[in-house]
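What follows is one structure encoded as structure tokens, with my remarks underneath.
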Amino acid sequence: MLDIRRIRTEPDAVKAALAKRGESAEKIDQLLQIDVDRRKLTTEVESLKAEQNRLGPEIAKKKRAGEDASELLARSTELKAAIAQREERQRELNEAQETQLAKLPNLPDDAVPAGGEEAAQVIRPESRPLREFDFEPKAHWDLGASLGLFDPERGARLAGSGFIVYTGIGARLERALIQFMLDLHTEKHGYTEIGLPFVLSRESITASGHIVKFGPEMYRDDEADLFFVPTAEPALVNLHRGEILEPGVLPLKYVAYTPCWRREAGAAGKDTRGLQRVHQFDKVEIFRYALPETSGDALEEMTAEACAVLDALELPYRLLLLAAGDIAFAAAKTVDVEVWSPGVNKWLEVSSASNCTDFQARRADIRFRREPGAKPEFPHLLNASGTALPRVVAALLETHQNADGTVTVPAALRPYLGGVERLGEGGAG
RNA sequence: GGAGAGGUCGCAUAGUGGUCUAGUGCGCCCGCCUCGAAAGCGGGUAACGGUGCAAGCCGUUCGUGGGUUCAAAUCCCACCCUCUCCGCCA
């Protein structure tokens with residue numbers, strides 16, 4: 086949610102920033118007109134209410150004294166009608182403003198290029214040399230089948246196409262990666278681990294703005310009106326919904342593992358083979374509530390923290406600065422981390438790090454005080470995957486595969502796999 | 001899921017239609033007193049919105065949303081949450 090006061094005081098800057106995302110200036114002008122009308126009416130309604138409030142005690146006084154209060158009662162009745170009439174219009178204007186405002190995305194950061202997907206900038210090329218194979222590298226779905234790690238066919242039997250069953254060491258690999266990432270972020274990067282509900286109420290999913298962003302993408306329980314989390318992000322936003330954080334508590338740094346459910350409607354057949362795009366996947370999410378002046382640095386740190394996972398797994402990746410038209414609704418700046426998948430022969434997105442500035446905080450009514458008694462301000466909220474699992478698994482299998490069909494486990498992960506050094510060897514499957 | 005009790009200012013409580021501008025205690029802040037502190041005394045102690053150069057003024061908020069009334073913390077309806085007991089259950 087943008088600040089209406091900012092739109093009011095610097096409309097041209099707001100228009101220019103939104104133009105980068107392809108939003109028209111017309112919306113801003115409409116909004117400003119509503120705002121003018123709304124405030125005028127608000128002043129009117131409030132002065133009528135003030136008069137009515139003054140009348141109350143006077144009526145009571147007369148009645149107690151046994152005097153005739155009928156004149157005051159008549160005036161009060163008149164005011165009641167006048168207020169009711171204007172309040173209806175006021176409610177309409179409030180709703181209109183709310184609706185319009187809720188439709189406007191966050192203002193992109195100055196550093197963010199204009200344009201869509203094609204305008205993304207590679208801000209860091211491959212982090213390490215891409216592996217040269219002296220044999221034809223297999224795709225992860227073939228490795229998964231031959232090593233008995235995961236089973237899309239049985240997943241489809243259980244829940245439909247796009248659901249995966251992990252088996253044996255494959256299931257353990259998944260669990261190992263989750264634990265490895267959680268440990269890395271809590272022990273090395275100073276995050277506090279949070280165990281979250283995997284479903285959210287309508288209220289929560291609305292406050293975070295995800296009902297707009299994901300809407301029909303989410304699986305849901307209509308009877309209970311609950312939504313399966315499409316990512317841990319909305320849950321972590323709602324953790325402090327409606328709170329005023331006391332001085333000294335910022336920055337808050339949270340890490341959480343959740344499964345993520347996405348219907349991926351309309352994506353069928355496109356880049357979906359194997360683990361590239363599935364309806365349920367595991368993800369470790371890192372999240373910060375930051376002081377506004379530090380959020381730029383925080384985004385860089387979080388991007389680096391996501392990369393640290395890939396470095397430890399000895400996987401090459403690159404960083405993309407997304408263009409304004411391609412970043413999430415609530416984000417001001419987004420950096421994607423893409424890992425190289427030699428079997429699929431593509432860069433696969435495994436993390437998306439976003440600075441949402443005060444946009445989510447305003448919407449979810451999360452504030453903080455710098456000093457005791459200081460005026461509440463909105464913190465900046467940032468999220469990053471740290472990281473999403475299936476594509477990491479894909480890249481890991483493909484990158485570290487050997488000519489004999491086994492896969493070498495990166496050293497950092499071995500302690501989590503009971504010391505196993507190679508998948509597919511010595512009964513490890 | 002059933003029955004009952006409850007949700008009021010940071011915390012604890014009072015408040016059953018107009019005198020509530022929500023009282024009191026605790027906590028916290030400021031001042032007085034003191035060499036300093038404690039105690040004591042005095043004052044202060046929210047958020048959001050509107051308006052104003054500002055001081056301020058006005059409005060809204062007593063779990064949430066509706067309703068009754070000239071007037072609602074107070075009456076009515078629905079919902080949410082907490083606690084106790086019962087049922088069910090990994």
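For this note's numbering, count along the first sequence from 1 and bump the result up by 85.
For glycine and all other residues, C-beta sits at the position ideal for the given N, C-alpha and C.
In this text, all values refer to a predicted model and were calculated from it rather than measured experimentally.
Minimum C-alpha distance to residue i - residue among the options
i: residue 471; options: 463, 492, 436; result: 436
i: residue 210; options: 406, 251, 344, 139; result: 406
i: residue 489; options: 231, 132, 102, 90; result: 231
i: residue 525; options: 196, 207, 328; result: There is no way to answer for residue 525, as the model of the chain reaches only from 86 to 514.
i: residue 347; options: 296, 281, 338, 391; result: 296
i: residue 290; options: 313, 275, 255, 270; result: 313
i: residue 306; options: 293, 286, 376, 292; result: 286
i: residue 499; options: 398, 408, 448, 419; result: 398
i: residue 187; options: 325, 251, 113; result: 113
i: residue 303; options: 158, 284, 288; result: 284
i: residue 216; options: 505, 413, 451, 482; result: 482
i: residue 81; options: 475, 104, 501; result: Outside the displayed span of the chain (86 to 514) sits residue 81, for which this structure offers no information.
Burial state of residue i, where buried means 16 or more other Cβ atoms lie within 10 Å
i: residue 106; result: buried
i: residue 388; result: buried
i: residue 467; result: buried
i: residue 223; result: buried
i: residue 311; result: buried
i: residue 121; result: exposed
i: residue 382; result: exposed
i: residue 78; result: An answer regarding residue 78 cannot be provided, because it is not within the stretch 86 to 514 covered by the chain.
i: residue 214; result: exposed
i: residue 447; result: buried
i: residue 195; result: exposed
i: residue 98; result: exposed
i: residue 480; result: buried
i: residue 89; result: buried
i: residue 329; result: exposed
i: residue 141; result: exposed
Endpoints, the alpha helix (DSSP H) within which residue i is located
i: residue 211; result: Premise fails: residue 211 is in no alpha helix (DSSP H) and is neither H nor E.
i: residue 138; result: 110–149
i: residue 356; result: Counting along the chain, residue 356 falls outside any alpha helix (DSSP H), and DSSP gives it neither H nor E.
i: residue 238; result: 237–244
For residue i, the three-state DSSP class (helix, strand or coil)
i: residue 156; result: helix
i: residue 443; result: coil
i: residue 514; result: With a pLDDT of 47 at residue 514, under the threshold of 50, the predicted position of this residue should be treated as unreliable, though the coordinate-derived value follows. In the structure shown, residue 514 sits in coil (DSSP, three-state: anything other than H, G, I, E or B).
i: residue 277; result: strand
i: residue 471; result: strand
i: residue 92; result: helix
i: residue 491; result: coil
i: residue 422; result: strand
i: residue 465; result: strand
i: residue 272; result: helix
i: residue 407; result: coil
i: residue 220; result: coil
i: residue 87; result: coil
i: residue 232; result: helix
i: residue 254; result: helix
i: residue 508; result: strand
i: residue 265; result: helix
i: residue 293; result: coil
Test item: CB-CB of residue i and residue j under 8 Å
i: residue 192; j: residue 417; result: yes
i: residue 374; j: residue 464; result: yes
i: residue 262; j: residue 477; result: yes
i: residue 185; j: residue 123; result: no
i: residue 453; j: residue 281; result: no
i: residue 493; j: residue 507; result: yes
i: residue 364; j: residue 444; result: no
i: residue 269; j: residue 278; result: no
i: residue 367; j: residue 272; result: no
i: residue 400; j: residue 424; result: yes
i: residue 369; j: residue 342; result: yes
i: residue 233; j: residue 201; result: no
i: residue 133; j: residue 178; result: no
i: residue 323; j: residue 292; result: yes
i: residue 220; j: residue 229; result: no
i: residue 130; j: residue 160; result: no
i: residue 408; j: residue 197; result: yes
i: residue 356; j: residue 205; result: no
Limits of the unbroken beta strand (DSSP E) element including residue i
i: residue 344; result: 337–346
i: residue 284; result: 284–286
i: residue 415; result: Neither: residue 415 is in no beta strand (DSSP E) and is coded neither H nor E.
i: residue 399; result: Per DSSP, residue 399 belongs to no beta strand (DSSP E) and is neither H nor E.
i: residue 322; result: Per DSSP, residue 322 belongs to no beta strand (DSSP E); it is in the alpha helix (DSSP H), 318–323.
i: residue 309; result: Here residue 309 belongs to no beta strand (DSSP E), and DSSP marks it neither H nor E.
i: residue 371; result: 365–375
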